[in-house]
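Here's the structure we're looking at; comments come further down.
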Ligand code: AFP
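Residue numbers (the numbering used here): 272 to 592.
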């Protein structure tokens, strides 16, 4: 008997969280449908304005944001929605006791849409104590997350979540996310490194040495091959299943890194750790970082324990250049 996302999360974590995950899944089904027929429906291409991060919004960014927001705002358990695409958090002041803050990147990797490459939806759920300030609750370190989730819109559409008791993967089939793998484990090491090598000349020189060490095997004892899609969910999903390491270092253009702590790094670091992997900003465990504002960016090194630990050792052992 197939097990759905709702059944799985309800059995393990109760109705409250299961409802939020299910609302996210319902939105993901609608987003998947829009992606599949985007070229025919005329919704590919830029929306004509930038988001708060100064990035060109795609029409599908806007559609995915509206779809996810509409699915979640109806839940009385949701105190606030914090979207990468919105300038400010959306707060529901009439729900002072609502226990969940939902933080999301509705469509990550959207610059890849026009060329039909995987994109993803990423969601982080933070807990809010009754009466607490919702924005402060959103800005808790990632270690306080209740759940982390992503949807990978690829050859099949896969939803992966953790709520602190392992990592579980579901496949979209006839409008439902059905359990395909329970208790996913990230290999302790793997064959791939993944980063935008075109940016290496713009990063601290230690990163070029890290990459050289991964390639020639001197860093971990195994030689690594290169894989980079440029769509974080695609690169992370491969790293989760096959092992290895994904890196997005600080660059001259993005001195604090490009990826966002709340929308991207926190939920995927929660998933990585729950699967036996690790994630750091090069100095500190990602899940220990206390953000000062929702849109803050972070450098990110995430993946198998062996590679993340070897890369961190090299970065922290190296004087800043
Ligand atoms: P877009 O959403 O603008 O496509 O950015 C995608 C992304 O945030 C993340 O999904 C990728 O890992 C990363 O940017 C790729 O960045 P580079 O193009 O600089 O390699």
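Quick reminder that beta carbons are idealized off the backbone N, C-alpha and C, glycines included.
From a predicted model like this one, the values you see are computed outputs, not experimental measurements.
Query raised in the report: Since residue 548 and residue 583 are thought to touch, with beta carbons under 8 Å apart, how far apart are those beta carbons, to the nearest angstrom?
Result: For the purposes of this step, residue 548 is taken as the residue at position 277 of the chain shown. For the purposes of this step, residue 583 is taken as the residue at position 312 of the chain shown. With a Cβ gap of about 13 Å, residue 548 and residue 583 do not count as contacting.
**Report entry** Validate contact between the region 395-410 and the region 439-456 using beta carbons, cut 8 Å, 3 pairs
**Finding:** With a cut-off of 8 Å, the region 439-456 and the region 395-410 do not count as touching, because too few Cβ pairs lie within range.
Report task. Given a cut-off of 8 Å, decide if residue 329 and residue 384 are closer than it, judged by their beta-carbon atoms. Result -> In the chain shown, the residue the question calls residue 384 occupies position 113. In the chain shown, the residue the question calls residue 329 occupies position 58. Going by C-beta atoms, residue 384 is nearer than 8 Å to residue 329.
Query - Anticipated Cβ contact below 8 Å, residue 342 with residue 294, distance rounded - result: The count along the chain shown starts at 1 and reaches residue 342 at position 71. The count along the chain shown starts at 1 and reaches residue 294 at position 23. Sure, about 5 Å apart at Cβ, within 8 Å.
Query - Residues sharing a beta bridge with residue 393, DSSP - result: As a position in the chain shown, residue 393 is number 122, starting the count at 1. Note: residue 393 sits in a beta bridge opposite 376 and 421.
Query - Beta-carbon proximity check, residue 499 vs residue 465, cutoff 8 Å - result: By one-based count along the chain shown, residue 499 stands at place 228. By one-based count along the chain shown, residue 465 stands at place 194. Yes, the pair counts as a contact, with Cβ atoms nearer than the cut-off.
Report task. Would you tell me roughly how many angstroms separate the C-alpha atoms of residue 562 and residue 391, rounded to the nearest one? Result -> Counting from 1 along the chain shown, the entry for residue 562 is found at position 291. Counting from 1 along the chain shown, the entry for residue 391 is found at position 120. The straight-line gap separating the alpha-carbon atoms of residue 562 and residue 391 is approximately 23 Å.
Query raised in the report: So is the beta-carbon of residue 244 under 7 Å away from any non-hydrogen atom of the ligand AFP?
Result: In the structure as shown, the chain starts at 272 and stops at 592, and residue 244 therefore has no counterpart that could be examined.
Query - residue 374 versus residue 285 - alpha carbon distance - result: Here the question's residue 374 lines up with position 103 in the chain shown. Here the question's residue 285 lines up with position 14 in the chain shown. Cα to Cα, the separation comes out at about 20 Å.
Query raised in the report: DSSP three-state call for residue 541: helix, strand or coil?
Result: For the purposes of this step, residue 541 is taken as the residue at position 270 of the chain shown. Note: residue 541 maps to helix in three-state DSSP.
**Report entry** Reduced DSSP secondary structure (H/G/I, E/B, other) of residue 507
**Finding:** Here residue 507 refers to the residue found at position 236 when the chain shown is read from its first residue. Here residue 507 sits in helix by DSSP.
Report task. Could you check the C-alpha separation between residue 355 and residue 376 for me, to the nearest Å? Result -> Taking the chain shown and counting its residues from 1, the one referred to as residue 355 is at position 84. Taking the chain shown and counting its residues from 1, the one referred to as residue 376 is at position 105. If you take the alpha carbons of residue 355 and residue 376, they lie about 5 Å apart.
Requested in this report: Identify, in the order they occur along the chain, each residue of the same chain with its Cβ nearer than 6 Å to the Cβ of residue 519, setting aside the five sequence neighbours on each side.
Outcome: Within the chain shown, the letter at position 248 stands for residue 519. 528, 529, 530 and 571, listed in sequence order.
Requested in this report: Note down, in chain order, each residue of its chain lying with its Cβ closer than 7 Å to the Cβ of residue 470, except the 5 sequence neighbours on either side.
Outcome: Within the chain shown, numbered from 1, the residue matching residue 470 stands at position 199. Taking C-beta separations shorter than 7 Å and ignoring five residues to either side along the sequence, the partners of residue 470 in its chain run 522, following chain order.
Query raised in the report: Count the other CB atoms within 10 Å of the CB of residue 290; is the residue buried (16 or more) or exposed (fewer)?
Result: In the chain shown, the residue the question calls residue 290 occupies position 19. Classification for residue 290: buried.
**Report entry** Contact belief for residue 463 with residue 495 at Cβ below 8 Å, rounded distance in angstroms
**Finding:** Position 192 of the chain shown, counting from 1, holds the residue named residue 463. Position 224 of the chain shown, counting from 1, holds the residue named residue 495. Between residue 495 and residue 463 the Cβ distance is about 6 Å, and since that is below 8 Å, they are a contact.
Query raised in the report: Buried or exposed: which applies to residue 460, given that a residue is buried once 16 or more other Cβ atoms fall within 10 Å of its Cβ?
Result: Locating residue 460 in the chain shown gives position 189, where the first residue counts as 1. Per the 10 Å Cβ criterion, buried.
Requested in this report: Please determine, among 538, 334 and 349, the residue with the shortest C-alpha to C-alpha distance to residue 357.
Outcome: Locating residue 357 in the chain shown gives position 86, counting from the first residue. Per the C-alpha coordinates, the member of 538, 334 and 349 positioned closest to residue 357 is 334.
Query raised in the report: Within 7 Å: the Cβ of residue 379 and any heavy atom of the ligand AFP?
Result: Mapped onto the chain shown, residue 379 falls at position 108. Residue 379 Cβ: within cutoff of the ligand AFP.
Query - Under the three-state DSSP convention, the category residue 611 falls into - result: Outside the shown range of the chain, which is 272 to 592, sits residue 611, and nothing can be said about it.
Query raised in the report: To the nearest angstrom, how far is it from the Cα of residue 506 to the Cα of residue 408?
Result: In the chain shown, the residue the question calls residue 506 occupies position 235. In the chain shown, the residue the question calls residue 408 occupies position 137. When rounded, the distance between both Cα atoms is 29 Å.
Query raised in the report: Per DSSP, what kind of secondary structure is residue 530 in: helix, strand or coil?
Result: Counting from 1 along the chain shown, the entry for residue 530 is found at position 259. Under the three-state reduction of DSSP output, residue 530 falls in the strand class.
Query raised in the report: With respect to 7 Å, is the separation between the Cβ of residue 393 and the closest non-hydrogen atom of the ligand FAD below this value?
Result: You won't find the ligand FAD in this model; what it holds is the ligand AFP.
Query - Rounded straight-line distance, which links the Cα of residue 457 to that of residue 533 - result: Locating residue 533 in the chain shown gives position 262, counting from the first residue. Locating residue 457 in the chain shown gives position 186, counting from the first residue. CA-CA distance, residue 533 to residue 457, rounds to 22 Å.
Query raised in the report: In whole angstroms, what is the alpha-carbon distance linking residue 317 and residue 482?
Result: Numbered from 1 along the chain shown, position 46 holds the residue referred to as residue 317. Numbered from 1 along the chain shown, position 211 holds the residue referred to as residue 482. Cα-Cα distance, rounded: 34 Å.
Query raised in the report: By the 10 Å Cβ neighbour count, where 16 or more other Cβ atoms means buried, how is residue 273 classified, buried or exposed?
Result: For the purposes of this step, residue 273 is identified with residue 2 of the chain shown, where counting begins at 1. Label assigned to residue 273: exposed.
Query raised in the report: Do residue 387 and residue 425 have their C-beta atoms within less than 8 Å of each other?
Result: For the purposes of this step, residue 387 is taken as the residue at position 116 of the chain shown. For the purposes of this step, residue 425 is taken as the residue at position 154 of the chain shown. Residue 387 is not a Cβ neighbour of residue 425, given a cutoff of 8 Å.
**Report entry** Contact under 8 Å by Cβ, residue 379 with residue 535
**Finding:** Working through the chain shown from its first residue, we reach residue 379 at position 108. Working through the chain shown from its first residue, we reach residue 535 at position 264. Cβ atoms of residue 379 and residue 535: closer than 8 Å.
**Report entry** For residue 444: DSSP bridge partner residues
**Finding:** Here residue 444 corresponds to residue number 173 of the chain shown, with the count starting at 1. Beta-bridge partners assigned by DSSP to residue 444: 447.
Query raised in the report: Between which two residues does the beta strand (DSSP E) harbouring residue 353 extend?
Result: By 1-based counting over the chain shown, the position of residue 353 is 82. Start and end: 349-354.
Query raised in the report: For residue 430, which residues does DSSP report across the bridge?
Result: The residue given as residue 430 occupies position 159 in the chain shown. Its beta-bridge partners are 422 and 441.
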